[in-house]
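Below is one structure, written out as structure tokens; the observations come after it.
Protein chains: 2
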Amino acid sequence: MYRSHTCGELRATHINTEVTLSGWVQGVRDKGFMIYVDLRDRYGITQLYFDEERSVKELMDKARKLGREFVIQVKGTVVERASKNPNIPTGGVEVLVKELTLLNASLVPPFTIEDDTDGGDDLRMKFRYIDIRRNPVKDSLIFRHKVAQAVRNYLSEEGFIEVETPYLIKSTPEGARDFVVPSRMNEGQFYALPQSPQTFKQLLMVGGMDKYFQIVKCFRDEDLRADRQPEFTQIDCEMAFVEQEDILNTFEGLTKHLIKETHGIEVNKFPRMTFDDAMRLYGNDKPDIRFGMQFGELNEVAQHKDFNVFNSAELVVGIAVPGANSYTRKEIDKLIDWVKRPQIGALGMVYCRYNEDGSFKSSVDKFYSQEDLAKWAEVTGAKPGDLICVLSGDTNKVRAQLSALRMELAERLGLRKPNEFAPLWVIDFPLLEWDEETERYHAMHHPFTSPKPGQLALLDSNPGNVKANAYDLVLNGNEIGGGSIRIHDKATQAIMLRHLGFTDEEARAQFGFLMDAFEYGAPPHGGIAFGLDRLVSILGGQETIRDFIAFPKNNSGRDVMIDAPAVIDKEQLKELHLKLDLES
Amino acid sequence: MYRSHTCGELRATHINTEVTLSGWVQGVRDKGFMIYVDLRDRYGITQLYFDEERSVKELMDKARKLGREFVIQVKGTVVERASKNPNIPTGGVEVLVKELTLLNASLVPPFTIEDDTDGGDDLRMKFRYIDIRRNPVKDSLIFRHKVAQAVRNYLSEEGFIEVETPYLIKSTPEGARDFVVPSRMNEGQFYALPQSPQTFKQLLMVGGMDKYFQIVKCFRDEDLRADRQPEFTQIDCEMAFVEQEDILNTFEGLTKHLIKETHGIEVNKFPRMTFDDAMRLYGNDKPDIRFGMQFGELNEVAQHKDFNVFNSAELVVGIAVPGANSYTRKEIDKLIDWVKRPQIGALGMVYCRYNEDGSFKSSVDKFYSQEDLAKWAEVTGAKPGDLICVLSGDTNKVRAQLSALRMELAERLGLRKPNEFAPLWVIDFPLLEWDEETERYHAMHHPFTSPKPGQLALLDSNPGNVKANAYDLVLNGNEIGGGSIRIHDKATQAIMLRHLGFTDEEARAQFGFLMDAFEYGAPPHGGIAFGLDRLVSILGGQETIRDFIAFPKNNSGRDVMIDAPAVIDKEQLKELHLKLDLES
């Protein structure tokens, strides 16, 4: 072992102990007759000390030549520090060095190893192995490990078995695009990498493994939006002989445990909200309920006057922004510009100040009386001092717009507190959703989700209205998990696939094994999957997932550090029975 | 929840309790006026009871119609069983059923759900979801989970951090063949699936994450031998600031812990043996040391007479088979036939009986005196009653042959006891091994393994003799783990790659990121990787890994259950910029 202690370990109790430390040179302060070196490892920083009186010249010279990020080993004695540093745990002591061994030199690192580094994103990704030495990244990876361990131990205690499902599986046209893997031994054929172990976990239920989980990599070949990765990690779970209530309670328990373990916070029973209510009250199926600003639908109290913008709208809806009556006209104009940006897409915004004296002042005063506006205040729950913001238009669009505005205002008002946790179950999702592009219904969750009891018949008459036994777990405005009670009989599964546009032959080719399995004693079952990357970032109080992934890919799906993907040998292609088909 | 208790839970203390059970019908015994149903789930079997006196006719009829593997829910009362079954934990009670709900019917399963099933391998694989209901498979998967949990908890306690490394990486020509993944977004380029996270774990060491582990899937596109899978699981570990001794001690600790946890057995300090000694004494770099029969090299005591077979041989080597003097001539002839089979390839076998009276009787008595044969006995450690078996020929071949014979005899003699654990460190492996096919040296471990101190210069003069800081952990004759201290400076790595036949350009293209990383403060580091599939099967006392993998592939790399790999759409190929290049 190259060390007797870590660089985060030494305290006053170690004074006069002979120690060996190894680590990276964080910095050298050369005062001429004495030299200080900050030595860093995963555990902390310890100050090394050399002085002319007690150190031979050779040693002083060696110390003087050290550069940032050199890897060294030192032997010496722990001594009390003259000027203590109360900001670090080792700040009371230093090591008077007697021996210094250079283990490896370093070029000047491309950015500083500090919490606030001078390195930009691209440089940090290219030299990720250096970036990981920085506390924000290192601590995020350690935090991720702790969360994953907590998940595994909690679920194991609850009788769940982690079962590894295969990575080389079969491509299915439903859902997102698969990554595929050509098979050398099976000419012209391909494996696919799993988008999730969905069918396998259902087969495990058929196999009697009634409480399954797995922390597992999943793959989606999608055009990457910011903060999406082609490979991502799921906490994948399934239970047999359960109803929706059992799943919600089990994974509410897990989530509470994680919040407790990571923050020491006890969260009460999670509230539940139907999908319809979430859309009506927050314009969003993953509402952040750490703060209010619930939507108030104003059609009844705003469509009786001559204001045509409202009268022609499918939905008129507003929120009361707490204390925002203090906004200047200019600030409000900026807000109006904000909602009119193409990303949001509102055509305009009506506002109404609720003055401290109880009077109202709106941008549409020529259409609405004080009594009218008092009703707006009542519906939106506004109080004196608030600002009511009102949008109007097509229901779906205007809800999305107002939801975006609500989140933006909450951000500006400091209402999205990273150390506050407001989980929420959103339940009763629709079974299907209409896809504008392909002009047909898609499974909102996936094709294996069961409709609510008795609603199967509705699939023909009113498919958009069929509700599913599907649920999402939302934490602070992010969907951290989602699942459903599954179909477990062949007939229902066949009906479902037919409604999703599969011919019976296609259904057979893709999911024959699952439909067969349903004929050999499939128990009722259901489950949930959590996005681990997102979960740990939210629990870690961060907005982005990047630093919780050791080696993330960029927005083109490239690993810029190892420079992948890359071309492969002709020979290798030939073995795989493939030719390139380049557009050139 | 569809149940109040599991089918493995009820005991005499539950008598008179009202319970709800769910599970699979293991069997129905219809005695006319009473019906017994065995209800099974993951946890056990509980007997259900219906009788004409206490059950309505409708219920009796329902019970009568149940078939094997039907999924049912029953409500009833726990009662004492008239004729108890001491063989199962629930055997003292049964449930007098009041309500029966059919949750799902089942076709007649293709094989019996018994420990000794009537299903052949192919059928079991096709219907793996039914096979998993059988105890041998179910218990193996649960055992695997427990081992994996024990590994994670032990290493976490020791300060190791599990870090997820990427699955979509870069293809390298060194080592086995990669599975590749065409990139849609990067035309003409491919990712590769990792054969191991080797370079990433080394980069984590450069990144300061000084104790890393990961239980991770790895992929090799090799022609499959029996009991090899294209995807397999590794316990991958790496440490920084360590020497070989530290790695051996740390993972000896882990292995002891696993043997203790799974079998309650405390194993003493693991013996260590050099690669050279292992080859000399066992003809094998993974000797099973649960039993003796060490090799005795007989050249000195057997090459002084007129027996040309021995005189012309590079190596004459024998083992003393305990008690095998009792073998008949016929049995010995069979043994000779066995070593002459093409799989073993010996040209013949000389034997020598060591009689109880101290005399010898050999197949080469016309060449060797009693005194000569006494020396053979001395060298092989034979005792009266043993049989000495001697092979001769080229060193490498004859060692492999005698090693195979030793294992075969141990098997026949019952010396390979599944519940005895004899771990062994094999150390000081050669750095390189000569490959007959390509006529060049390959890295025996991998290109990142460091040579023993001071041996770098030997690389030019005598490459085959260079020893590496490489070690294997052997358990009961199986390599369960292997690792090395790595190279951590750019210059040595460059020399190594050059000796492996890489041009500097190739080295740069493949491993440039790693060589760069070595220039930014790489600490000394090393590690080990365990094959989890093999480890759990050995700890589970089994010879094959199949039942420890939930959904294994067959010898053509196919998943016969889901029928993968499979053809994909032309459209999908086009998006990936690929065309098929079939031999047709």
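Protein chains in written order, with my numbering: chain U, 655 to 1238; chain H, 655 to 1238. Cβ coordinates follow ideal geometry from the N, Cα and C atoms, glycine included.
Where residue i meets chain U, residues with beta-carbon distance less than 7 Å
i, result
"H:Asp-618", "Coverage of chain H is limited to positions 655 through 1238, which leaves residue 618 of chain H absent and any answer about it impossible."
"H:Ile-796", "Ile-815"
"H:Pro-1178", "Tyr-656 and Leu-757"
Per-residue burial, residue i [other beta carbons within 10 Å of its own, 16 or more giving buried]
i, result
"U:Leu-1086", "buried"
"H:Lys-738", "exposed"
"H:Thr-982", "exposed"
"U:Lys-824", "buried"
"H:Gln-997", "exposed"
"H:Trp-1088", "exposed"
"U:Met-779", "buried"
"H:Asp-939", "buried"
"U:Val-691", "buried"
"H:Arg-838", "buried"
"U:Gly-730", "buried"
"H:Lys-871", "buried"
"H:Val-710", "exposed"
"U:Met-655", "exposed"
"U:Thr-853", "buried"
Partners in chain U for residue i, counting only beta-carbon separations shorter than 9 Å
i, result
"H:Val-860", "Tyr-783, Ile-784, Ile-786 and Arg-787"
"H:Glu-753", "In chain order: nothing, as chain U lies at least about 16 Å away."
"H:Lys-855", "Going along chain U, no residue has its Cβ under 9 Å from H:Lys-855, so there is no contact; the nearest lies around 10 Å."
"H:Ser-1013", "Near H:Ser-1013 there are no residues of chain U at all, since even the closest Cβ is about 57 Å away, more than 9 Å."
Chain-ordered chain H contacts of residue i [CB-CB under 9 Å]
i, result
"U:Val-822", "The amino acid occupying residue 822 of chain U in the given sequence is Leu; Val does not appear at that position. Near U:Leu-822 (Cβ distances below 9 Å), the residues of chain H are Phe-833, Leu-847, Phe-873, Pro-884, Glu-885, Lys-1207, Gly-1211, Asp-1213, Ala-1218 and Pro-1219."
Residues bridged to residue i [DSSP beta-bridge criterion]
i, result
"H:His-1096", "H:Glu-1087"
"H:Arg-1140", "H:Thr-1103"
"U:Ser-1013", "DSSP output for U:Ser-1013 lists no bridge partner at all."
"U:Lys-800", "Paired residue(s): none; U:Lys-800 is not in a bridge."
"H:Gly-746", "The partner list for H:Gly-746 (beta bridge, DSSP) is empty, contrary to what the question assumes."
"U:Asn-758", "U:Val-725"
"H:Ala-1183", "H:Asp-890 and H:Gly-1136"
"U:Gln-868", "U:Asp-890"
"U:Tyr-1125", "U:Ile-1081 and U:Gly-1137"
"H:Ser-1046", "H:Val-970"
"H:Trp-678", "H:Arg-694 and H:Val-725"
"H:Val-653", "Residue 653 of chain H falls outside the range modelled here, since chain H spans only 655 to 1238, and no answer is possible."
"H:Gln-1024", "H:Gln-1024 is not bridged to any residue."
Residues that residue i contacts on chain U, provided the C-beta gap is smaller than 8 Å
i, result
"H:Tyr-808", "Per Cβ cutoff of 8 Å: no residues; H:Tyr-808 is ~12 Å from chain U at best."
"H:His-799", "Ser-810, Ile-815, Glu-816 and Val-817"
"H:Ser-837", "Gly-1211 and Pro-1219"
Partner residues on chain H for residue i, Cβ-Cβ distance less than 7 Å
i, result
"U:Pro-1107", "Per Cβ cutoff of 7 Å: no residues; U:Pro-1107 is ~14 Å from chain H at best."
"U:Ala-802", "Glu-816"
Residue i CB to nearest heavy atom of the ligand SAM below 6 Å
i, result
"U:Asn-741", "This structure simply doesn't include the ligand SAM, nor any ligand for that matter."
message: With a threshold of 8 Å, are at least 3 pairs of Cβ atoms found where one atom belongs to the stretch 919-934 of chain U and the other to the stretch 1080-1093 of chain U?
response: yes
query: Which residues, in chain order, does the stretch 1157-1171 of chain H contribute to contact with chain U at a C-beta distance below 9 Å?
result: Ala-1163, Gly-1166, Phe-1167, Leu-1168, Asp-1170 and Ala-1171
- prompt: Which residues, in chain order, does the stretch 663-679 of chain H contribute to contact with chain C at a C-beta distance below 9 Å?
  reply: In summary, chain C is missing from the structure at hand, where the protein chains are U and H.
query: Residues in the stretch 758-779 of chain H with C-beta within 7 Å of chain U's C-beta atoms, listed in sequence order?
result: Asn-758, Ser-760, Leu-761 and Pro-763
Short-range partners of chain H found in the stretch 1110-1127 of chain U, where Cβ spacing is below 7 Å: none
message: If contact is defined by three or more beta carbon pairs under 8 Å, each pair taking one atom from either stretch, is the stretch 659-667 of chain H in contact with the stretch 1201-1215 of chain U?
response: no
query: Okay, do the stretch 784-794 of chain U and the stretch 806-813 of chain U touch, 3+ Cβ pairs below 8 Å being the bar?
result: no
- prompt: Residues in the stretch 1190-1206 of chain U with C-beta within 7 Å of chain H's C-beta atoms, listed in sequence order?
  reply: Ala-1204 and Phe-1205
- prompt: So, do the stretch 874-882 of chain U and the stretch 1156-1169 of chain U have three or more beta carbon pairs nearer to each other than 8 Å?
  reply: no
message: Using a Cβ distance threshold of 8 Å, determine whether the stretch 721-738 of chain H contacts the stretch 752-762 of chain H, with at least three qualifying pairs required.
response: yes
- prompt: How do the stretch 674-681 of chain H and the stretch 708-719 of chain H stand: do at least 3 beta-carbon pairs fall below 8 Å, yes or no?
  reply: no
- prompt: Given a limit of 7 Å on CB to CB distance, which residues of the stretch 1019-1051 of chain U reach chain H?
  reply: none
- request: Report yes or no: do three or more beta-carbon pairs, one from the stretch 960-978 of chain H and one from the stretch 1035-1044 of chain H, lie closer than 8 Å?
  value: yes
message: With three or more beta-carbon pairs closer than 8 Å as the criterion, would you say the stretch 1003-1012 of chain U touches the stretch 985-994 of chain U?
response: yes
task: Pull out every residue of the stretch 947-962 of chain H whose Cβ sits closer than 9 Å to any Cβ of chain U, in chain order.
output: none
message: Three or more C-beta pairs under 8 Å: does that hold for the stretch 1219-1237 of chain H against the stretch 1173-1182 of chain U?
response: no
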